[in-house]
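J.: This structure is in structure tokens; I'll ask about it shortly.
Numbering (the UniProt record's numbering), first residue to last: 1 to 387.
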């Protein structure tokens, strides 16, 4: 025998479904960002059509089915992004090769002129010491590879590359190439950061339709988009938007879970023979059910827990109170099983000894009071049968 109880619960399947739904939204945002990149580079055949890939506009089924749908979409997006990157690299390589041909042609003209000038000097002064040319490092291939690796074309870096190849001073060429390599790496880091921020903005925007109050978040994302296009760091703006989205989505999900759990509690208690009563209670998440004509059970549903305790509808009676708590205790395992069948994982976290406090007195509305005699007779018959 035991008194009031606190039961922990988790709607695991609902949590998994919610996580999969949010993942789907983010993937749709990624698809939108990828489409923008494809359009700007002229590779529209790399666009991922969500419906064409998955056959769905929205994920359906249970959490496992939704996870499979998300996996399929994510794989398609990763393949498309990889193909777009490959095509962009090939395109940049062709452009760089065309640029390098002009640079190398100019270098070759100057080298021929220098060779002809040296030959003329030797012809004019055949006894003069022969000039020993310093072996020349050919930076053309290295420079071409660096330029091709650029995420975003840069006229400034192309001019720097031309200077590396064109200079005849080997020491200067080495320094210029090292500087070029550093600048290309920094430019790529900035480009990757900007593209990642644009993608995240698109992913966050995909959640706006699910928010009860999307306008403040939309303003943050608009500001982030403008700043990202300027090459500015928008980490703070994105963090604020992400936090606001998570808060609103969590609030909506929590309310939906409370409603789901309340419905599951009502169904489970009804299945065990309890009758939900129309009484004045503190919140919509508080239920009172009749166990007999004189006693019932109060259920306070919170986030992750349900408080259960016996209540009485009439004058205090120690013996009747004890009997009511014993009856309630016997039915708890059945209640937990009924909750489990409705998708809730439950367990008793806390239970107090009976008799430490008298059951709370609950005032019934008129409609509920009229049926008390009949239910009390049913409870008495049930106890006699049990004996």
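Yeah, the Cβ is synthetic: ideal placement off N, Cα and C, and Gly gets one too.
So what does DSSP say about residue 82, is it helix, strand or coil?
T.: helix
J.: Of all the alpha helix (DSSP H) runs that stay within the bounds of the region 41-100, which reach a length of 4 or more residues?
T.: 50-54
J.: How about residue 224 and residue 211: do their beta carbons lie closer than 7 Å?
T.: no
J.: From which residue to which residue does the alpha helix (DSSP H) around residue 286 run?
T.: Unbroken run through residue 286 is the beta strand (DSSP E), 286-290; no alpha helix (DSSP H).
J.: What does the alpha-carbon distance come out to for the pair residue 183 and residue 99?
T.: 19 Å
J.: I need the DSSP call for residue 29, collapsed to helix, strand or coil.
T.: helix
J.: So what's residue 361 in DSSP terms, helix, strand or just coil?
T.: strand
J.: Going by beta carbon distance, what residues of the same chain come within less than 8 Å of residue 41, once the five residues before and after it are set aside?
T.: 84, 87, 88 and 91
J.: CB-CB under 8 Å to residue 284, same chain, minus the five flanking residues each way: which ones, in chain order?
T.: 262
J.: Suppose the cutoff is 6 Å on Cβ atoms and the five residues either side in sequence are ignored; what does the same chain contact list for residue 96 look like?
T.: 144, 147 and 148
J.: Could you work out which residue in 63, 161 and 290 is closest to residue 277 when comparing CA atoms only?
T.: 290
J.: Where does residue 9 sit, in a helix, a strand or coil, going by DSSP?
T.: strand
J.: What three-state label does DSSP hand residue 269 in the structure shown?
T.: helix
J.: Identify every residue that forms a DSSP beta bridge with residue 416.
T.: No information on residue 416 is available, as it lies outside the stretch 1 to 387 that the chain covers here.
J.: If distances are taken between C-alpha atoms only, which option among 216, 316, 213 and 221 comes closest to residue 200?
T.: 221
J.: Could you give the DSSP three-state label for residue 232: helix, strand or coil?
T.: In this structure, residue 232 counts as coil in the three-state DSSP scheme.
J.: Once you ignore the five residues that flank residue 11 on each side, which residues in its own chain have a CB closer than 7 Å to its CB?
T.: 257, 260, 261, 343 and 344
J.: Which same chain residues end up closer than 7 Å to residue 94 when comparing Cβ atoms and leaving out the 5 residues on each side of it in sequence?
T.: If you ignore the 5 residues before and after residue 94, its C-beta comes within less than 7 Å of no other C-beta in its own chain.
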